[in-house]
Amino acid sequence: MRHSKTAVQEIGVIRKDWRGRIRVALVYPNRYAVGMSNLGFQTVYALLNDIDAVLCERAFLPENDTDEIRTIETKSRLSGFDMIAFSVSFEQDYLNILSILEKAGIPLRSCERDESHPMVIAGGVACFSNPEPISAFTDCILIGEAEAMPLPYFFDLFAQYQDNRIKCLEIMAQEISGVYVPAFAPHQVRRAYLNDISQHSTNTVVLSKDTAFDNSFLIEVSRGCPHGCRFCSAGYIYRPPRFRTAAHIIESMDIGDSMTDRIGLVGAAVSDLPNIGMLCDYATEKHIRLSFSSFRADALLPELIGVLNSSRVKTATIAPEAGSERMRKVINKGITEAHILSGTEILVSNNIPNLKLYFMIGLPTETDEDILEIVSLCKKIKAQFLTASRVKGHIGEITVSINSFVPKPFTPFQWAAMDDAGILKKKISMIRSGLKGVANLKIQADDPKHAIIQALLSRGNRNTADMLVQAHRNNGNWAKTLKEFSLNPESYPNNELSYDDTLPWEFIDHGIDKSFLIREYERAKAGKSSPPCSMKFDSCKLCGVCG
Ligand code: SF4
1378 MRHSKTAVQE IGVIRKDWRG RIRVALVYPN RYAVGMSNLG FQTVYALLND IDAVLCERAF
1438 LPENDTDEIR TIETKSRLSG FDMIAFSVSF EQDYLNILSI LEKAGIPLRS CERDESHPMV
1498 IAGGVACFSN PEPISAFTDC ILIGEAEAMP LPYFFDLFAQ YQDNRIKCLE IMAQEISGVY
1558 VPAFAPHQVR RAYLNDISQH STNTVVLSKD TAFDNSFLIE VSRGCPHGCR FCSAGYIYRP
1618 PRFRTAAHII ESMDIGDSMT DRIGLVGAAV SDLPNIGMLC DYATEKHIRL SFSSFRADAL
1678 LPELIGVLNS SRVKTATIAP EAGSERMRKV INKGITEAHI LSGTEILVSN NIPNLKLYFM
1738 IGLPTETDED ILEIVSLCKK IKAQFLTASR VKGHIGEITV SINSFVPKPF TPFQWAAMDD
1798 AGILKKKISM IRSGLKGVAN LKIQADDPKH AIIQALLSRG NRNTADMLVQ AHRNNGNWAK
1858 TLKEFSLNPE SYPNNELSYD DTLPWEFIDH GIDKSFLIRE YERAKAGKSS PPCSMKFDSC
1918 KLCGVCG
C-alpha cells in the first residue's frame, strides 16, 4: 500500500504508468465522501487496476458546481480518457450523470457520440435493478456483479475494436453475459453473478478520513439477505443470499487492522452471519473497534452487544419499518413488537444511549390505524427506553426516521401504487402530532415529493431519459419539469401496475420467477407473511433462482 497526499488524505491509492494502457475514469455520480463510502465503487477501482492493460482513476461530482471535474489521481480531464465508467447506486444520482458528462464536454446521448469520445459505460446496483432511464446516455451497461464478469476480455475487445465502436459493442453484447447495449434491440440479459463470494475480497481499497465512515476499513461480509422484506431490492436481486467464510473475514480484518483500528462489517443483515459471535470475540481480542451496517432486533447476541460496547458505539438503529403487527406481516419483516422492545432494553442497558428507529409510510394496504400504531409503538419503545435508561442514570435520545415507501423493480411490491404526496404528508403530520411533547424524541421525515421522483426513476422506461434531460436543463427543478411533460407528479407513481404489463426492467434475467413475486404480493395483500429463504440451494426451487 502506498501513501499519497491528494486534496484529501488517502492510503492505498493505486498508481500505474498510463502509457500503453486503456485509461478508464471510474466516476461516482455524487460527492467524494459518498462515493468513497461505497464498497462497490472501491471494488471496481481495484478490479480494473488489477488488469494489466488498464489504468483506472477515480472522479466524483465536484464539491462546488462551478469546479471542473478532474480525476483524483492525476487531476486529468475526463474527456482525455478512453472510457468513462459510472458506478451508479441510487436513482437520485441520475441527474448528476448528466451534469458530469456536460462538465466534461461530452455529448449526453450515446447516439451523439462517436469513436472520438470516451466510451461511456455504467454499472452498479441501480443498473441491475432497472437501467432503462439512463440507457440513452450510456454506450453499454454491465448488469450484475463485477467480480463475476470477464473484465480482461471486455477490455481486450475494447482495445481490438477501438476504431469501430458499433462492432465493438456488438461483439461485447454477443459474447459477454451481463453486457447490455441499449442501442441494439433489447434482448434478455442474464445478470452476472458470483457463486462463491469468498473467492474475492470486497474490502476498502483506499482508506480516507473524508467518508461517512471516517477512516473505517469496510469489509463486505454478505451479499443479499434471506429475509425477503417485500419492499427491499437487496432481498431479491442478490438472490441467493451468500455469506463470506469466517476465515476469509478474519483475513480481511487483519488487513484492516494493519491500516486502522476501526473496522466496519457491511451486509444487508450482518447479524445473520454464521460465526458472528466468534468474529466479535476476535475483534475484542485484537482491540479493533468494530461496527455493523445493520443488525436485526431479533438477533442481538451478547458478543455483538459486547463489541458495540467496547467500540464505544453511542447510537444503534432498529428498523421496525411498520407500527402494527399486521403491517409487519404485509411487508414480511419477520420481527415482532416483543423483539423490538426487548432489543431496546438490551441496547440501552448495555450503554448504547441513543436509538434510531426506521419507519416507512405509504406501504400497500396501509390504513390510518397502521399509522397510529407507529405512534403507539414509539411510545412503548420510549417507555422501555426510559426504564432501562433510569437504571443507567442517563437518558439518551430517540430519533424516529420516517421514509415514504417507493416501489422497487424485482420486489413483490414492484406493481404497488404509491400514496400521493398529499396523503403522505398527512400521514407524517399524524405521526408528528401523535408524538408531540414526547421528551427526548425527535422526528426526521423525508420529503414525499422526493420519494415520488425516486419512484418515477426507479420504475422508469426509456422515455424517462427525455425527462431527465429536461430536469437537467431546469437545474433539477422537477416540479417545472413534470409540468412541461404534462405529467402529474402525483399521478404516475400512484398507479398500480398490472401483472399483464411488460415491465421496463423485465429484460433482465435475475433468475427470479415472476409468478413467485406475484404470489408474494398476493400474500402481502392477504396479510400473510412468508418464511425467509431456506438457503437450501441444492433442493429449494421456491423463488426460481436456484436449481
Ligand atoms: S430458490 Fe430457495 S434457496 Fe434459492 S434463493 Fe430462492 S428461496 Fe432461497
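No gaps in the numbering here: position 473 of the sequence shown is 1850 in our numbering, and each next residue is one more.
Backbone N, C-alpha and C fix where the C-beta goes; we use that ideal spot for every residue, glycine too.
Given 8 Å as the limit, tell me if Arg1896 has its C-beta closer than that to any heavy atom belonging to the ligand SF4. Incorrect: Arg1896 has no Cβ contact closer than 8 Å to the ligand SF4.
Our contact map puts Gly1888 next to Gly1921 with C-beta atoms below 8 Å; I'd like the distance itself, whole angstroms only. Confirmed, Cβ separation roughly 6 Å.
Hey, Asp1958 and Asn1871 are a contact pair by Cβ (cut 8 Å); roughly how many whole angstroms apart? Residue 1958 cannot be examined here, being either before or after the span of the chain that is shown, 1378 to 1924.
Going by C-alpha distance, which of Arg1568, Asn1473, Arg1689 is nearest His1664? Ranking the options by Cα distance to His1664, first place goes to Arg1689.
Any heavy atom of the ligand SF4 closer than 8 Å to the CB of Phe1914? Proximity of the beta carbon of Phe1914 to the ligand SF4 is indicated: a heavy atom of the ligand is located closer than 8 Å.
Decide yes or no for the touch test of the segment 1673 to 1680 against the segment 1713 to 1724: beta carbon pairs closer than 8 Å, at least 3 of them. Using a C-beta cut-off of 8 Å, the segment 1673 to 1680 makes contact with the segment 1713 to 1724, since at least three inter-stretch Cβ pairs fall below that distance.
Coarse secondary structure for Glu1867, derived from DSSP in three states: The pLDDT assigned to Glu1867 is 47, lower than 50, so where the model puts this residue is not dependable; a value taken from the coordinates is nonetheless given after this. Of the three classes helix, strand and coil, the one that applies to Glu1867 here is coil, per DSSP.
Could you check whether the Cβ of Lys1918 sits closer than 8 Å to any heavy atom belonging to the ligand SF4? Result yes, Cβ under 8 Å from the ligand SF4.
Nearest residue (CA-CA) to Thr1744, options Ile1775, Lys1803, Cys1755: In terms of Cα proximity to Thr1744, the closest of Ile1775, Lys1803, Cys1755 is Lys1803.
How many angstroms separate the CA atom of Glu1867 from the CA atom of Leu1834? Note on Glu1867: pLDDT 47, under 50, position unreliable in the model; the coordinate value appears next. In a straight line, the C-alpha of Glu1867 is about 13 Å away from that of Leu1834.
Anyone know if the C-beta pair for Asp1502 and Ile1632 falls short of 9 Å? According to the sequence shown, residue 1502 is Val rather than Asp. No.
Is it true that the CB of Phe1787 sits closer than 9 Å to the CB of Ile1885? Yes. Within cutoff.
Can you give, in chain order, each stretch of the alpha helix (DSSP H) that sits fully within the segment 1681 to 1732 and has at least 4 residues? Unbroken alpha helix (DSSP H) stretches of 4 residues or longer found wholly inside the segment 1681 to 1732: 1702 to 1707, 1714 to 1726, given in chain order.
Among Pro1603, Gly1683, Ser1635, which has the Cα closest to the Cα of Pro1651? Taking only the C-alpha atoms, the option nearest Pro1651 is Pro1603.
Helix, strand or coil for Thr1386? Go by DSSP, reduced to three states. Note on identity: in this sequence residue 1386 is Gln, with Thr being the wrong assignment. In this structure, Gln1386 counts as strand in the three-state DSSP scheme.
Residues bridged to Gln1821 by DSSP? Gln1821 is bridged to Ser1778.
Buried or exposed: where does Asp1540 fall if 16 or more other Cβ atoms within 10 Å of its Cβ makes it buried? Sixteen is the threshold: since fewer than 16 other Cβ atoms of the shown chains lie within 10 Å of the Cβ of Asp1540, the residue is exposed.
Would you kindly report the start and end of the unbroken beta strand (DSSP E) that includes Phe1535? No beta strand (DSSP E) holds Phe1535; the alpha helix (DSSP H) holding it covers 1528 to 1537.
Could you tell me the distance, in whole angstroms, from the CA atom of Cys1609 to the CA atom of His1849? One C-alpha to the other measures close to 28 Å.
Would you mind sorting Gly1799 into buried or exposed? The rule is 16 or more other CB atoms within 10 Å of its CB. It is exposed - the Cβ of Gly1799 has fewer than 16 other Cβ atoms within 10 Å.
Among the candidates Gly1711, Val1815, Asn1728, whose CA atom is the shortest distance from the CA of Asn1686? When each option's Cα is compared against that of Asn1686, the closest is Asn1728.
Just confirm the distance between the C-beta atoms of Phe1669 and Ile1640, as a whole number of angstroms; I'd bet it's less than 8 Å. In fact, because the Cβ distance is near 10 Å, the residues do not count as touching under 8 Å.
Touch test, the segment 1754 to 1767 against the segment 1556 to 1574, Cβ-Cβ under 8 Å, three pairs minimum: A contact is defined here as three or more CB-CB pairs under 8 Å, and the segment 1754 to 1767 fails this definition with respect to the segment 1556 to 1574.
Got a sec: does the ligand SF4 put a non-hydrogen atom nearer than 8 Å to the Cβ of Ser1911? Within the cutoff, so yes.
From Gly1739, Asn1415, Ala1696, residue whose alpha carbon lies closest to that of Lys1826: The residue with the shortest Cα to Cα distance from Lys1826 is Gly1739.
Three-way DSSP call (helix, strand, coil) for Ser1456 in this model: In this structure, Ser1456 counts as helix in the three-state DSSP scheme.
According to DSSP, is Arg1607 part of a helix, a strand, or is it coil? Looking at Arg1607 - three-state DSSP - the assignment turns out to be coil, as it is neither helix nor strand.
Among residues of its own chain, excluding the 5 on either side of Lys1544, which ones have a beta-carbon nearer than 6 Å to its beta-carbon? Result list for Lys1544: Tyr1538, in chain order.
Straight-line Cα distance separating Gln1386 from Arg1379: Here the model assigns Arg1379 a pLDDT of 37, short of 50, so the residue's position is not dependable, and the following value carries that caveat. Each residue's CA atom was taken as its position, placing Arg1379 and Gln1386 some 12 Å apart.
Whole angstroms is fine: what's the gap from Leu1425's alpha carbon to Leu1432's? Straight-line Cα distance between these residues: approximately 7 Å.
Under 8 Å, with one C-beta from each stretch per pair, do the segment 1583 to 1593 and the segment 1413 to 1420 reach the 3-pair mark? As far as the Cβ criterion goes, the segment 1583 to 1593 touches the segment 1413 to 1420, which means the pair count is three or higher.
Under 7 Å Cβ to Cβ from Gly1605, same chain only, skipping five residues before and after it: list those, please. Once the five neighbours on either side are set aside, the close Cβ partners of Gly1605 are Gly1612, Asn1709, Ser1907, Pro1909, Cys1910.
Is the Cβ of Cys1657 closer than 9 Å to any Cβ of chain B? In summary, chain B is missing from the structure at hand, where a single protein chain is found.
Distance between Cys1657 and Leu1681 (C-alpha atoms, nearest Å): So the two alpha carbons sit approximately 6 Å from each other.
Cα-Cα, which of Leu1894, Asp1429, Asn1473, Gly1601 is closest to Met1912? Nearest C-alpha to Met1912: Gly1601.
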